[in-house]
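Residue 1 is where the sequence shown starts when you use full-length UniProt numbering, and the numbers rise one by one after that.
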Amino acid sequence: MLDHVSLGSHDFPRAVNFYTDLFATIGYRRHKLDEKEAAFGPGDEWTFFVYPAAADQAVTGARMHLAFRVADRATANRFHAAALELGGHAPNPPRPPAHRPEFGEDYYGGMFLDPDGHAIEILTRGSECRASPARHPGGGRGWSQPVIATPVRV
1 MLDHVSLGSH
11 DFPRAVNFYT
21 DLFATIGYRR
31 HKLDEKEAAF
41 GPGDEWTFFV
51 YPAAADQAVT
61 GARMHLAFRV
71 ADRATANRFH
81 AAALELGGHA
91 PNPPRPPAHR
101 PEFGEDYYGG
111 MFLDPDGHAI
121 EILTRGSECR
131 ASPARHPGGG
141 RGWSQPVIAT
151 PVRV
């Protein structure tokens, strides 16, 4: 089970503002902010971190993305729309939230790139809110679950 995720940013203040406003749509709040890191998560949990990266450091990787699972389609739509309004952009080809049965009959989701180019997916599966087995393209099986776990204190 994942405990937390950390992303680097070439424009740390922009990334902090982007995620502070974006995460408000799913109930995450900012727990910490200083010149070295920003920490976010639901309730008292610290599950998502942003760090400044030097100009010569890579901050994105091929095929790497993060997926946030929410309770319903309306929340997925709000999250995706807010991301684009706050400076995120559509991947090529665009992936707005939609029913995508190739990822499972009950899958509804979309993807965007944050201002640094990190690929972020937002999804829901039916009315479930708990982790459940999910089919992925290529015949693999994985687990879809929110990135929420024990708080991390730094």
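Even glycine gets a Cβ: it sits at the ideal position worked out from N, Cα and C. Remember, it's a predicted structure, so these values are computed and weren't measured experimentally.
Who are the near neighbours of residue i in its chain, counting only those whose CB is closer than 7 Å to its CB and skipping five residues on each side?
i, result
"LEU33", "VAL16"
"THR20", "ARG30"
"HIS10", "ALA53, ALA55, VAL59 and ASP116"
"GLN57", "GLY8"
Can you tell me whether DSSP reads residue i as helix, strand or coil?
i, result
"HIS99", "strand"
"TRP80", "According to the sequence as given, residue 80 is His; it is not Trp. Residue state, collapsed to three classes: helix."
"ASP56", "coil"
"PRO133", "For PRO133, the predicted structure reports a pLDDT of 41, less than 50, and the residue's modelled location is therefore unreliable. The matter cannot be settled from this model."
"ALA62", "coil"
So what does residue i bridge to, in DSSP terms?
i, result
"GLU121", "ALA67 and MET111"
"LEU86", "None, per the DSSP bridge assignment."
"PRO42", "TYR28"
In the DSSP assignment, the alpha helix (DSSP H) including residue i goes from what residue to what residue?
i, result
"PRO13", "12-23"
Would you mind reading off the limits of the beta strand (DSSP E) that contains residue i?
i, result
"LEU7", "5-9"
"LEU2", "That residue, LEU2, is in no beta strand (DSSP E); it is neither H nor E in DSSP."
"LYS36", "No beta strand (DSSP E) holds LYS36; DSSP gives it neither H nor E."
Leaving out five residues on either side along the sequence, give the residues of the same chain with a beta carbon under 6 Å from the beta carbon of residue i.
i, result
"ARG14", "PRO115"
"GLY126", "ASP106"
"ALA39", "HIS31, LYS32, TRP46 and PHE49"
In chain order, what residues of the same chain lie with their CB nearer than 8 Å to the CB of residue i, ignoring the 5 residues before and after it?
i, result
"ALA90", "LEU84, PRO96, PHE112 and LEU113"
"PRO101", "TYR107"
"PHE79", "LEU22, THR25, ILE26, PHE68, VAL70 and ILE122"
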